[in-house]
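As given, the protein sequences belong to chains A and B, one line each in that order.
Here the working numbering is used: the first residue of the first sequence is 181, the next is one more, and so on.
Here the working numbering is used: the first residue of the second sequence is 527, the next is one more, and so on.
Yeah, the Cβ is synthetic: ideal placement off N, Cα and C, and Gly gets one too.
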Amino acid sequence: MPEDTSKIDVAYVAYLARMRLSVAEMAKMSAQLQEILSYVAKLNEIDVSNVEPTAHATPLSNVLRKDEARPSVDTKKILKNAPDSARDLFIVPKIVE
Amino acid sequence: MSLHTLTIQQLREKLRQGEVSAREATQAMLDRINAVDGKIKAYLWLNPEDALSQADTIDRSGIAKDGKPLGGIPIAIKDVINVEGQPCTCASKILNGYVSVYDAFVIKRLRESGALLLGRTNMDEFAMGSSTENSSWDVTRNPWDFDRIPGGSSGGSAAAVAADEAIAALGSDTGGSIRQPAAVCGCVGLKPTYGRVSRYGLVAFASSLDQIGPLTKTAADAALMLGVLAGHDASDSTSVPQPVPDYTAPLDRGIKGLRVGLPKEYFIEGMDREVETAVRSAIQQLQSLGAEVVEISLPHTDYAVAVYYLIATAEASANLARFDGVRYGLRVAGKDPIEMYGKTRGTGFGPEVKRRIILGTYALSAGYYDAYYLRAQKVRTLIRRDFEKAFVKCDVIVTPTSPTAAFKFGEKTEDPLQMYLSDIFTISLNLAGNCGVSIPCGFTSNPKLPIGLQVLGKPFGEEIILRVAHAYEQATDWRKQRPNL
Chain A
181 MPEDTSKIDV AYVAYLARMR LSVAEMAKMS AQLQEILSYV AKLNEIDVSN VEPTAHATPL
241 SNVLRKDEAR PSVDTKKILK NAPDSARDLF IVPKIVE
Chain B
527 MSLHTLTIQQ LREKLRQGEV SAREATQAML DRINAVDGKI KAYLWLNPED ALSQADTIDR
587 SGIAKDGKPL GGIPIAIKDV INVEGQPCTC ASKILNGYVS VYDAFVIKRL RESGALLLGR
647 TNMDEFAMGS STENSSWDVT RNPWDFDRIP GGSSGGSAAA VAADEAIAAL GSDTGGSIRQ
707 PAAVCGCVGL KPTYGRVSRY GLVAFASSLD QIGPLTKTAA DAALMLGVLA GHDASDSTSV
767 PQPVPDYTAP LDRGIKGLRV GLPKEYFIEG MDREVETAVR SAIQQLQSLG AEVVEISLPH
827 TDYAVAVYYL IATAEASANL ARFDGVRYGL RVAGKDPIEM YGKTRGTGFG PEVKRRIILG
887 TYALSAGYYD AYYLRAQKVR TLIRRDFEKA FVKCDVIVTP TSPTAAFKFG EKTEDPLQMY
947 LSDIFTISLN LAGNCGVSIP CGFTSNPKLP IGLQVLGKPF GEEIILRVAH AYEQATDWRK
1007 QRPNL
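See the structure below:
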């Protein structure tokens, strides 16, 4: 685990998360995150070199089903919750020029 | 007759005998909500006409009299579980106005069993929090003391059951969000084993930890509810195809000879003195009922909060990527999609959700993944092994649910780490995937606030923990003490 957590680039992480933060939010979060990260640094105390990671707790893996078409929720019903739609499609700002 | 004070079992008996109708039961709940919810604010959404019309349908069908397990029982639903035609906001501005287009698996099950869906209960935004103070909509108050938090994140569900505003409720538990509010409000809260109850239709927070469960007035009611909720669902790939036993039948078998493990790491400094006293006398009570107490060790307990806040935030940062203003919920316009996403998410999410998304994104970002997320997953393995080893020596583990009774509003909001540490006794269980239940085991003296006892079990060991909870409940009268509203 990185020892130096003093310089978390919150602006960059917020960009990765596609989430705009104000300058005040970033300043407050930066301080709180440093405190949290120095707390989680206690995980460095443990030797995990021969330990397998646990991704989840079920004894199941590769749960598959047949790739068959089946009925789903009606498009019109789904689009009722859409901020903007037309002709059974979601409308978004222009992506390519 | 005060129908609202009844348990599921008691009300069900009256409905079955035809002594009361589902409409009368529902009207009694609505009257109670009308009388007390202005102060408590457990509900975010409630439509009396809708509830009464569900009740009329149940009455016409005769479903309450034909032995369906929840026929005519009004149940409150945490605002994170989809009920078709009802709003589902996860107490977040980003889902303001969203109306569910399908029923969650557990909702289908409740409907099939004859239950009626009373309304939506308040919670911490996207189930992130321990006090329901992170709700974007309302402040829910602890029915025992209005200056105090109802716990979280299922604070609305716990307060509704404790204040007799619902016969029972559904919650979700990712790090203690059913058990901790149940403890501080004075009701029963059950987190089933990971994989026992389908999460299809539960808005995902941390997918390797989330589990749906009931909040009820008694252990027997929790057993009854679990029997309805549990079972395999092909729509949730983590749902385990294991037969569902009758959880109610073995409740009265007693606990003679049962080995109760006390983890020495849980009886630590920082625990409130009255909480410790109450839990210790509960343990004596279990002994006098014939249980055998053994000391056990869960050596990696001290690392659980750190592991949890890396894994849960990493998974949340991925799960909450879907709230981008494209398909549902809030959209704040931008000149291109990137600007639209950024503005929508920056405006729609509250402070705690933002903090966790940033922490999770950071923990998963290039150069940090191995150091944070992968290391946390490895320590998670050690925590799981702790439980496996402990359960060789005992049948259940007993601990306090929360280190303190309900704290005051604002006490921990400025210090996220202190808030996280209040979950110290509940978090390990989600990491291990086992089941656990919180039941009332006493009160603090001044002010009078409920204290919770936590009973933890092996994977798919719900039968045993509910039996212990029931035996303890039968031997004590904590449940009969109700808040003065």
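Comparing alpha-carbon positions, which option in B:Gln1007, B:Met555, B:Cys967 lies nearest B:Tyr998?
What you label residue 998 of chain B is simply residue 472 of the second sequence in a count that begins at 1. Checking every option, the nearest Cα to that of B:Tyr998 belongs to B:Cys967.
With distances taken from CA atoms, which of A:Ile188, A:Met199, A:Val190 is nearest B:Val858?
In the second sequence, the residue the question calls residue 858 of chain B occupies position 332. Nearest C-alpha to B:Val858: A:Met199.
Run through the DSSP bridge pairs and tell me what B:Leu982 is partnered with.
Locating residue 982 of chain B in the second sequence gives position 456, counting from the first residue. For B:Leu982, the pairing in a beta bridge is given by DSSP as B:Ile923, B:Gly962.
Using a Cβ-Cβ cut-off of 8 Å (strictly less than) and excluding sequence neighbours within five positions of B:Val831, which residues of its own chain qualify?
Counting from one through the second sequence, the residue named residue 831 of chain B turns up at place 305. If we look at B:Val831 and ignore the five residues flanking it on each side, its Cβ neighbours are Tyr946, Leu947, Asp949, Ile950, Ile953.
Taking a contact to mean a Cβ-Cβ separation below 7 Å, would you say B:Thr870 touches B:Leu856 in this structure?
For this step, residue 870 of chain B is matched to residue 344 along the second sequence. For this step, residue 856 of chain B is matched to residue 330 along the second sequence. Yes, they are a contact pair.
How is the alpha helix (DSSP H) around B:Asp557 delimited, first residue to last?
As a working mapping, residue 557 of chain B is identified with position 31 in the second sequence. Segment 548-566, the alpha helix (DSSP H) holding B:Asp557.
Counting only beta-carbon atoms, is A:Ile258 nearer than 7 Å to chain B?
Taking the first residue of the first sequence as 1, we reach residue 258 of chain A at position 78. Chain B contact via Cβ: present.
Would DSSP call B:Gly697 helix, strand or coil?
Position 171 of the second sequence, counting from 1, holds the residue named residue 697 of chain B. B:Gly697 falls in the strand class under three-state DSSP.
Which residue's Cα is closest to the Cα of B:Pro776: B:Leu541, B:Arg993, B:Arg538?
To locate residue 776 of chain B, count along the second sequence from 1; it is residue 250. Comparing Cα positions, the closest option is B:Arg993.
Buried or exposed: where does B:Thr803 fall if 16 or more other Cβ atoms within 10 Å of its Cβ makes it buried?
Translated into the one-based positions of the second sequence, residue 803 of chain B becomes position 277. So B:Thr803 ends up on the exposed side.
According to a CB-to-CB cut-off of less than 7 Å, which residues of the stretch 716-740 of chain B neighbour chain A?
Taking 7 Å as the Cβ-Cβ cut-off against chain A, the residues of the stretch 716-740 of chain B that qualify are Tyr720, Gly721, Ser734.
With three or more C-beta pairs closer than 8 Å as the rule, is the stretch 267-275 of chain A touching the stretch 858-867 of chain B?
yes
If you draw a straight line from the C-alpha of B:Thr658 to the C-alpha of B:Ser814, how long is it?
Taking the second sequence and counting its residues from 1, one reaches residue 658 of chain B at position 132. Taking the second sequence and counting its residues from 1, one reaches residue 814 of chain B at position 288. Cα to Cα, the separation comes out at about 37 Å.
For B:Thr907, which residues in chain A fall below 7 Å Cβ to Cβ?
The count along the second sequence starts at 1 and reaches residue 907 of chain B at position 381. Per Cβ cutoff of 7 Å: Val231, Glu232, Pro233, Thr234.
Distance, Cα to Cα, A:Lys256 vs B:Val627?
Numbered from 1 along the first sequence, position 76 holds the residue referred to as residue 256 of chain A. Numbered from 1 along the second sequence, position 101 holds the residue referred to as residue 627 of chain B. So the two alpha carbons sit approximately 10 Å from each other.
Evaluate B:Gln944 with the Cβ neighbour count: other Cβ atoms within 10 Å of its Cβ, from every protein chain shown; 16 or more gives buried, anything less gives exposed.
In the second sequence, counting from the first residue as 1, residue 944 of chain B sits at position 418. B:Gln944 is exposed by the Cβ-count criterion.
For a contact defined as C-beta to C-beta under 7 Å, what are the partners of B:Ile903 on chain A?
On the second sequence, position 377 is the one that residue 903 of chain B refers to. Residue 903 of chain B is actually Gln in this sequence, not Ile. Going along chain A in sequence order, the residues near B:Gln903 (Cβ under 7 Å) are Pro233, Thr234, Ala235.
What residues of chain A sit near B:Gly851, judged by a beta carbon separation below 8 Å?
On the second sequence, residue 851 of chain B is found 325 positions in, with the first residue counted as 1. In chain order: Pro263.
Nearest-angstrom beta carbon gap, B:Gly598 and B:Ala551 [assumed within contact, 8 Å]:
For the purposes of this step, residue 551 of chain B is identified with residue 25 of the second sequence, where counting begins at 1. For the purposes of this step, residue 598 of chain B is identified with residue 72 of the second sequence, where counting begins at 1. Yes, B:Ala551 and B:Gly598 are in contact; Cβ-Cβ is about 6 Å, under 8 Å.
Apart from the five residues just before and just after B:Gly959, which ones in its own chain have a Cβ nearer than 8 Å to its Cβ?
In the second sequence, residue 959 of chain B corresponds to position 433, counting from 1. In the same chain as B:Gly959, and ignoring 5 residues on each side of it, the C-beta atoms closer than 8 Å to its own belong to Thr719, Tyr720, Gly721, Arg910, Pro985, in chain order.
List the whole-angstrom C-beta distance separating B:Trp663 from B:Gly712, where the pair is believed to meet the contact cut-off of C-beta under 8 Å.
One-based indexing of the second sequence puts residue 663 of chain B at position 137. One-based indexing of the second sequence puts residue 712 of chain B at position 186. Actually they do not touch by this definition, with Cβ atoms about 24 Å apart.
Excluding five sequence neighbours on each side, which residues of the same chain lie with their C-beta closer than 6 Å to the C-beta of B:Ala840?
Position 314 of the second sequence, counted from the start, is the residue given in the question as residue 840 of chain B. Same-chain partners within the cutoff: Gly886, Ala889, Leu890, Tyr899.
Kindly indicate which three-state DSSP category A:Thr255 falls into: helix, strand or coil?
Against the first sequence, residue 255 of chain A aligns to sequence position 75. Shown here, A:Thr255 sits in a helix according to DSSP, grouped into three states.
B:Gln737 lies in the beta strand (DSSP E); which residues open and close that run?
In the second sequence, the residue the question calls residue 737 of chain B occupies position 211. Its beta strand (DSSP E) spans residues 737-742.
Find the nearest neighbour of B:Leu975 within the set B:Met555, B:Ala688, B:Asp650, judged by alpha-carbon distance.
Start at 1 with the first residue of the second sequence, and residue 975 of chain B comes out as number 449. Looking at the Cα atoms, B:Ala688 is the closest of the given residues.
Please name the residue or residues paired with B:Asn668 in a DSSP beta bridge.
Position 142 of the second sequence holds residue 668 of chain B. B:Asn668 is bridged to B:Asp671.
When you compare each of B:Pro973, B:Asp921, B:Gln980, B:Gly936 to B:Ser928 by their alpha carbons, which one comes out closest?
Position 402 of the second sequence holds residue 928 of chain B. Among B:Pro973, B:Asp921, B:Gln980, B:Gly936, the Cα nearest to that of B:Ser928 belongs to B:Gln980.
For A:Pro251, count the other beta carbons within 10 Å of its own beta carbon; 16 or more makes it buried, fewer makes it exposed. Which is it?
Counted from its first residue, the first sequence places residue 251 of chain A at position 71. Exposed, because fewer than 16 other Cβ atoms sit within 10 Å of the Cβ of A:Pro251.
Helix or strand or just coil, what does DSSP make of A:Phe270?
Residue numbering aside, residue 270 of chain A sits at position 90 when the first sequence is read from its first letter. Looking at A:Phe270 - three-state DSSP - the assignment turns out to be strand.
What residues in the stretch 979-1004 of chain B have a beta carbon less than 9 Å from any beta carbon of chain A?
Pro985
Exposed unless 16 or more other CB atoms sit within 10 angstroms - verdict on A:Tyr192
Within the first sequence, residue 192 of chain A is the residue found at index 12, counting from 1. Classification for A:Tyr192: exposed.
Which complete alpha helix (DSSP H) runs does the stretch 864-890 of chain B hold, if anything under 4 residues is left out?
877-890
From the beta carbon of B:Gly959, is the nearest beta carbon of chain A less than 7 Å away?
For this step, residue 959 of chain B is matched to residue 433 along the second sequence. Yes, because at least one Cβ of chain A sits closer than 7 Å to the Cβ of B:Gly959.
Rounded Cβ spacing between B:Leu529 and B:Ala568 (contact assumed at less than 8 Å)
Within the second sequence, numbered from 1, the residue matching residue 529 of chain B stands at position 3. Within the second sequence, numbered from 1, the residue matching residue 568 of chain B stands at position 42. That belief does not hold up - the Cβ atoms of B:Leu529 and B:Ala568 are roughly 18 Å apart, past 8 Å.
Decide if B:Glu914 is buried, meaning its Cβ has at least 16 other Cβ atoms within 10 Å, or exposed.
Mapped onto the second sequence, residue 914 of chain B falls at position 388. Exposed, by the Cβ-count rule.
Taking any Cβ of chain A, which residues in the stretch 839-868 of chain B have a Cβ under 8 Å from it, in chain order?
Ser843, Ala847, Asp850, Gly851, Val852, Arg853, Tyr854, Gly855, Leu856, Arg857, Ala859, Gly860, Lys861, Asp862, Pro863, Ile864, Glu865, Met866, Tyr867, Gly868
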